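As structure tokens, the structure follows; a few thoughts come after it.
Residue numbers (the numbering used here): 56 to 444.
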């Protein structure tokens with residue numbers, strides 16, 4: 056678990072990152088982190104202004120059993136289903152984290168201080184069920200600073216529009232491709248337009264678009280290694296950054312650039328006039344997978360105003376210790392980014408094939424983690440002599 060030391064609390068890199076307009080969110084949550092006071096310390100002293108969760112995070116936390124024994128025992132006595140038990144445990148953690156982050160939420164006008172919880176990953180390809188689940192999660196957590204995570208699958212896109220249209224803030228997750236990211240922004244704008252038509256206050260609706268980073272390098276690097284030529288090997292570790300930088304360019308095309316050099320779209324300009332909030336890009340999966348790369352690569356090289364970087368524990372600690380934050384490392388690199396992705400394509404590696412594979416694998420991994428969590432909770436409830444079927 057992250058420990059806030061004097062060095063961490065005063066770490067210049069984290070402060071410089073915040074000063075550059077990057078919101079630092081922790082990609083982790085557990086009851087022990089909440090009850091020990093560690094999360095509160097990170098918020099107070101470690102520049103952390105938000106929390107994200109996913110099925111894998113909850114599987115690790117609740118699967119360990121640490122801190123959940125009493126609640127699971129009470130749920131067993133009530134004879135709840137395993138699905139209900141999981142939802143009660145996960146929403147309790149998110150509610151507690153949201154309370155810890157509430158001062159940040161208030162101080163930033165809802166921009167930060169957010170805690171994200173994901174819809175059941177088994178619903179990723181079911182629009183109506185995703186909407187119903189999002190509404191239920193928002194009701195269960197019952198905190199204004201919750202964000203409901205919806206995957207950017209084809210079925211997820213209309214769900215995003217519908218949920219935003221209900222006035223519920225959304226974290227769109229599992230975005231890998233530039234085309235899908237543009238569809239996500241369009242879905243968000245459509246949702247805001249629906250909300251406006253209902254007379255809802257757009258100023259309280261927020262959204263982030265979680266663009267996954269390291270997994271892109273993992274898959275493309277693997278293919279480059281198989282090719283094995285000098286040209287191929289020279290491109291390793293470049294595709295993920297290129298993809299993310301071009302995503303930020305797409306963001307500027309819709310919402311405008313911070314320096315005013317790129318005008319926002321007419322559609323966004325109309326929504327901004329009625330106090331709508333930009334859907335910020337969020338860099339997810341920022342822990343490096345290849346030990347040959349600097350462990351802060353996807354932090355140091357993705358600094359841009361108006362973004363979020365959600366970091367796992369190791370990456371947050373590494374950034375605090377030796378992150379090299381030198382200013383904007385995104386907006387000047389669009390040409391190089393296009394050239395890097397074009398060079399990968401020229402070697403016969405299909406961008407479209409890679410990003411679709413990563414989306415499919417991402418959904419499958421979260422489904423698997425969710426099933427492991429259900430199995431662990433089932434075992435816990437069964438051990439207390441309660442029928443779970």
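Idealized CB from N, CA, C, for every residue including glycine.
Being a predicted model, the structure only gives us computed values, none of them experimental.
In whole angstroms, what separates the C-alpha of residue i from that of residue j?
i	j	result
residue 268	residue 209	20 Å
residue 40	residue 377	Residue 40 lies beyond the residue range present for the chain, which begins at 56 and ends at 444; the question has no answer from this structure.
residue 103	residue 155	11 Å
residue 94	residue 105	10 Å
residue 206	residue 225	10 Å
residue 139	residue 153	21 Å
residue 115	residue 318	44 Å
residue 237	residue 305	7 Å
residue 221	residue 328	20 Å
residue 200	residue 256	15 Å
residue 157	residue 168	6 Å
residue 89	residue 339	22 Å
residue 185	residue 198	19 Å
residue 298	residue 175	28 Å
residue 276	residue 150	39 Å
residue 437	residue 163	45 Å
residue 146	residue 427	18 Å
residue 216	residue 249	8 Å
residue 285	residue 101	42 Å
residue 325	residue 348	43 Å
residue 398	residue 235	21 Å
residue 202	residue 283	43 Å
Taking DSSP as the reference, what is the three-state secondary structure of residue i?
i	result
residue 121	coil
residue 85	coil
residue 226	strand
residue 103	strand
residue 173	strand
residue 332	coil
residue 267	strand
residue 438	helix
residue 215	helix
residue 249	helix
residue 380	coil
residue 337	strand
residue 239	helix
residue 206	strand
residue 79	strand
residue 145	helix
residue 324	helix
residue 280	helix
residue 433	helix
residue 363	strand
residue 259	helix
residue 452	For the chain, the structure presents residues 56 to 444; residue 452 sits outside this window and is missing.
Using 8 Å as the threshold, is the C-beta distance between residue i and residue j below it?
i	j	result
residue 212	residue 242	yes
residue 131	residue 247	no
residue 272	residue 350	no
residue 82	residue 365	yes
residue 374	residue 343	no
residue 263	residue 335	yes
residue 166	residue 244	no
residue 108	residue 127	no
residue 141	residue 402	no
residue 424	residue 117	no
residue 337	residue 258	no
residue 279	residue 288	yes
residue 380	residue 97	no
residue 386	residue 341	no
Among the options, whose alpha-carbon lies nearest the alpha-carbon of residue i?
i	options	result
residue 294	409, 118, 426 and 80	409
residue 274	353, 432, 172 and 292	292
residue 143	107, 124 and 301	124
residue 87	113, 412, 266 and 281	113
residue 302	136, 119, 357 and 161	357
residue 435	227, 135 and 399	135
residue 416	325, 230, 285 and 254	230
residue 392	233, 170, 347 and 313	233
residue 159	182, 99, 191 and 172	99
Using a 10 Å radius around the Cβ and a threshold of 16 neighbouring Cβ atoms, would you call residue i buried or exposed?
i	result
residue 148	buried
residue 180	exposed
residue 110	buried
residue 194	exposed
residue 359	buried
residue 388	buried
residue 67	exposed
residue 204	buried
residue 405	exposed
residue 121	exposed
residue 281	exposed
residue 78	buried
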